[in-house]
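Heads up: the structure comes next, in structure tokens.
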Amino acid sequence: MLITSSRKPSVNTRTLCKYLASFFNCKYLTRGKMGLAEVMSYSDDPHVMVVGDYHGSPGSLLFYGEGGDELLSIRLSMFYPEDYKFTNLKSFEPVIMGESEVGNLLAHYFDIYQDDCYGEGKCIKVEGDHLEFFYSGKLLFRLNIKSYRVAEADN
288 MLITSSRKPS
298 VNTRTLCKYL
308 ASFFNCKYLT
318 RGKMGLAEVM
328 SYSDDPHVMV
338 VGDYHGSPGS
348 LLFYGEGGDE
358 LLSIRLSMFY
368 PEDYKFTNLK
378 SFEPVIMGES
388 EVGNLLAHYF
398 DIYQDDCYGE
408 GKCIKVEGDH
418 LEFFYSGKLL
428 FRLNIKSYRV
438 AEADN
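The following block contains the structure:
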């Protein structure tokens, strides 16, 4: 998966992009003036995540598949713990814990294993309307889901 931002991202959005790229062990691309087709040409994987801005903060995650087809759109807000500090994460494979449609879609589209988290490595805990990202048992940040939309399958 490749992660990029909207065209003119805020500092907070760029920081989230870098954190997500480190969390998912994937590449982050500074977008600049590139269109989605050009962004996708830089990806070795057919999946691209675009982090959108809303009033100077991350406000959406858009997931695209092959050919630029939108798979999933999530409107969100962010929460960082008080002791938040960006750091590159070791390349453990992330695990999703919990049951929700969004969690199941992320696991399906991006081949993320679903299981219980045991404190080591990277874990996304799915609870109700939020996704909590943990590393070695410590909360990194939380995405509060305001709404989401799943693209309709072509018939």
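Whatever position you read off the sequence shown (first residue = 1), add 287 for our numbering. Heads up, the beta-carbon is just placed ideally off N, CA and C, and yes, glycines get one too. Predicted model only: the values in this text are computed from it and were never measured.
If you draw a straight line from the alpha carbon of residue i to that of residue j, how long is it in whole angstroms?
i, j, result
"Ser297", "Glu414", "28 Å"
"Glu439", "Leu393", "16 Å"
"Ile411", "Lys320", "32 Å"
"Ile399", "Asn431", "20 Å"
"Cys304", "Ser330", "15 Å"
"Tyr422", "Tyr371", "12 Å"
"Glu353", "Val389", "20 Å"
Since residue i contacts residue j with CB under 8 Å, what's their CB separation in whole angstroms?
i, j, result
"Leu272", "Met336", "It is not possible to answer for residue 272, since the shown part of the chain is limited to 288 through 442."
"Gly339", "Ser293", "5 Å"
"Phe311", "His334", "Between His334 and Phe311 the Cβ distance is about 10 Å, and since that is not below 8 Å, they are no contact."
"Met327", "Pro345", "At roughly 21 Å, the Cβ-Cβ gap does not stay under 8 Å, so Met327 and Pro345 are not in contact."
Would DSSP call residue i helix, strand or coil?
i, result
"Met365", "strand"
"Gly354", "helix"
Provide the residue span of the beta strand (DSSP E) that contains residue i, from first to last.
i, result
"Tyr306", "First-last for Tyr306: Val298 to Phe310, but that is the alpha helix (DSSP H), not the beta strand (DSSP E)."
"Ser328", "It is not in any beta strand (DSSP E) - Ser328 instead sits in the alpha helix (DSSP H) that spans Leu323 to Ser328."
"Leu426", "Lys425 to Val437"
"His417", "His417 to Tyr422"
"Gly339", "Val335 to Tyr341"
**Report entry** Inside the stretch 368–395 only - beta strand (DSSP E) runs reaching at least 3 residues
**Finding:** 382–384
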